[in-house]
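Only one structure is covered here, and it is reproduced in the block below.
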Amino acid sequence: MHSLGILGVGELTEKVVIGLRRSGYTGAILLSPRNAERARVLSSEHGCQVLESNQAVVDAAETLLLGVRPAALAELAAQVQLRPGQGLLSLVAGVSLEQLAKAFPGAQCVRVMLSYAAQYNQSTVVVCPADALTEQALGSLGELVVVADEAAFELATVAACMNGWFYYLLHDLQHWLSDKGLPADQARALVLGNLQDCLASARRQPGSSLQALGDAIATPGTFTADGLAVLMHQPVSATWGAACEVVLDGLLTRSRLGD
Numbered sequence: 001m002h003s004l005g006i007l008g009v010g011e012l013t014e015k016v017v018i019g020l021r022r023s024g025y026t027g028a029i030l031l032s033p034r035n036a037e038r039a040r041v042l043s044s045e046h047g048c049q050v051l052e053s054n055q056a057v058v059d060a061a062e063t064l065l066l067g068v069r070p071a072a073l074a075e076l077a078a079q080v081q082l083r084p085g086q087g088l089l090s091l092v093a094g095v096s097l098e099q100l101a102k103a104f105p106g107a108q109c110v111r112v113m114l115s116y117a118a119q120y121n122q123s124t125v126v127v128c129p130a131d132a133l134t135e136q137a138l139g140s141l142g143e144l145v146v147v148a149d150e151a152a153f154e155l156a157t158v159a160a161c162m163n164g165w166f167y168y169l170l171h172d173l174q175h176w177l178s179d180k181g182l183p184a185d186q187a188r189a190l191v192l193g194n195l196q197d198c199l200a201s202a203r204r205q206p207g208s209s210l211q212a213l214g215d216a217i218a219t220p221g222t223f224t225a226d227g228l229a230v231l232m233h234q235p236v237s238a239t240w241g242a243a244c245e246v247v248l249d250g251l252l253t254r255s256r257l258g259d
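Residue 1 is where the sequence shown starts when you use the working numbering, and the numbers rise one by one after that.
Take a look at the structure:
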């Protein structure tokens with residue numbers, strides 16, 4: 001079983017550790033001393049080891065998971081020396097493979113994107129480029145999506161941001177029901193349940209477009225169609241598209257600035 005070193009113990013890497021242990025991963029998980037309290041909890045509850053420095057983690061681990069903020073990348077890179085060919089799996093959004101190679105010479109760099117659902121082994125795990133060891137190490141955290149190039153990976157990063165946005169939409173729908181008198185727990189159950197119904201049907205019908213699946217429900221004369229007519233008259237899709245453009249532009253700008 002490979003040993004995994006975590007450089008940057010934060011919210012997301014914490015969820016990765018929990019998901020790995022939940023899936024039965026028994027290899028050593030070595031933590032950098034950053035965020036001492038979070039690292040202490042992971043050590044006591046999930047069988048990790050907290051080492052004295054980032055370099056100690058690099059020296060002891062076979063594969064490294066990079067989870068620092070982009071602004072902290074240069075400082076970290078100046079502190080450590082990786083072994084030639086050592087695997088470096090980067091969760092740092094907007095930092096290209098070329099930038100990673102410059103920061104960590106000789107490392108075998110792979111970009112990874114996943115969500116907090118990794119702790120429940122239900123995340124979408126995006127990998128670029130294809131790498132068998134990475135896919136084996138993180139595949140237990142959810143559904144693997146291996147993209148062809150970094151342009152596709154940046155779009156996958158935008159999709160990962162949608163993950164966070166969805167909560168706000170669901171929150172608004174829940175509170176509309178609650179404001180009309182439905183108990184909050186029932187409103188939550190109905191909103192999440194109907195979303196789950198949609199996901200289940202869509203996953204079982206990969207040959208049908210998402211719009212076609214909606215059209216099959218919102219047939220003329222139905223209440224669903226009446227509500228859809230209002231949504232189409234005041235489409236939120238334009239706002240969501242604008243949000244996606246802002247994120248993508250930010251990712252590409254950060255990548256260009258690092259050249």
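Ideal placement from N, C-alpha and C gives every residue a C-beta, glycine not left out.
Whole angstroms are fine: how far does the CA of residue j sit from the CA of residue i?
i	j	result
K102	C109	11 Å
R204	E150	29 Å
M162	L155	11 Å
V95	Q136	23 Å
W176	V146	38 Å
Under three-state DSSP, which class holds residue i?
i	result
V50	strand
G142	strand
L4	strand
T219	coil
L114	coil
S123	strand
Going by alpha carbons, who is nearest to residue i out of the options?
i	options	result
G139	S23, H2 and T13	S23
L114	A107, G106 and L144	L144
Q122	K15, R254 and G5	K15
V116	G10, A243 and V247	It is Tyr, not Val, that sits at residue 116 in the sequence shown. When each option's Cα is compared against that of Y116, the closest is G10.
T124	L100, V112, L252 and A212	V112
- Message: Which complete alpha helix (DSSP H) runs does the region 59 to 112 hold, if anything under 4 residues is left out?
- Response: Entirely contained in the region 59 to 112, the alpha helix (DSSP H) runs reaching 4 residues are, in chain order, 73 to 79 and 97 to 103.
- Query: Considering only residues of the region 6 to 42, which uninterrupted alpha helix (DSSP H) runs meet the minimum length of 4 residues and lie entirely inside it, listed in chain order?
  - Reply: 11 to 22
- Quick check: the region 84 to 93 against the region 56 to 71, are there 3 or more CB pairs under 8 Å? yes
- Is there contact between the region 44 to 57 and the region 17 to 32, where contact requires at least three CB pairs shorter than 8 Å? yes
- If you scan the region 147 to 204 from start to end, which runs of the alpha helix (DSSP H) of 4 or more residues do you find wholly inside it? The qualifying runs are 150 to 179 and 184 to 204.
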